[in-house]
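Asks:
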Amino acid sequence: MGDVILKEMPMKKASERKEPAVATTVTVDYPKERESVISPDYTFRIDAKGAGRVEISIDQNEWQPCRQAEGYWWYDWAGYMSGKHQAVARIQPQSDGQKTTSRIVRFQVELS
-11 MGDVILKEMP
-1 MKKASERKEP
9 AVATTVTVDY
19 PKERESVISP
29 DYTFRIDAKG
39 AGRVEISIDQ
49 NEWQPCRQAE
59 GYWWYDWAGY
69 MSGKHQAVAR
79 IQPQSDGQKT
89 TSRIVRFQVE
99 LS
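Take -11 as the starting number for the sequence shown in our numbering and just add one per residue.
Here's what the structure looks like:
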């Protein structure tokens, strides 16, 4: 067997180290503003890169936890009625204790 040579990596100064990305913005990607949802089940997609926890509120109801997958946050919604609805997402909490909130997205549900 050959010898293994370990190469020592130089230490970076604290000012050169990159801090882990922390989400500073959160956006409800889908549904889009004024989009029509026509299925009885829908999955919201939320963009909040670097967030540790994301929640969504639909029609000003209680905040619900979202799940993370494929670089986005997701919320599966079912049991809703036709009509006008709105959604807002938030990052909960930031390292400084602040909650970053998305803009409100208004959309329509049209079930047959």
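We put the CB at the ideal spot given by N, CA and C, even for glycine.
Predicted, not measured: the structure shown is a model, and the values here were computed from it.
A57: buried (16+ other C-beta within 10 angstroms of its C-beta) or exposed?
Replies: Exposed is the call here.
Asks: What is the DSSP secondary structure of I92, counted as helix, strand or coil?
Replies: DSSP places I92 in coil when its eight states are reduced to three.
Asks: What does the Cβ neighbour count give for R78, buried or exposed, with the cut at 16 atoms within 10 Å?
Replies: Buried, because 16 or more other Cβ atoms sit within 10 Å of the Cβ of R78.
Asks: Among the candidates T13, E21, V14 and D29, whose CA atom is the shortest distance from the CA of W110?
Replies: Beyond the ends of the chain as shown, which are -11 and 100, falls residue 110; an answer cannot be given.
Asks: Just the C-alpha distance for A36 and S100, rounded to the nearest angstrom, thanks.
Replies: About 33 Å.
Asks: Return the CA-CA distance between T31 and V16, expressed in angstroms with no decimal places.
Replies: Between T31 and V16, the C-alpha separation is close to 11 Å.
Asks: Is it true that the CB of R33 sits closer than 8 Å to the CB of W62?
Replies: Yes, the pair counts as a contact, with Cβ atoms nearer than the cut-off.
Asks: Between the C-alpha atoms of R41 and R91, what's the straight-line distance to the nearest angstrom?
Replies: One C-alpha to the other measures close to 17 Å.
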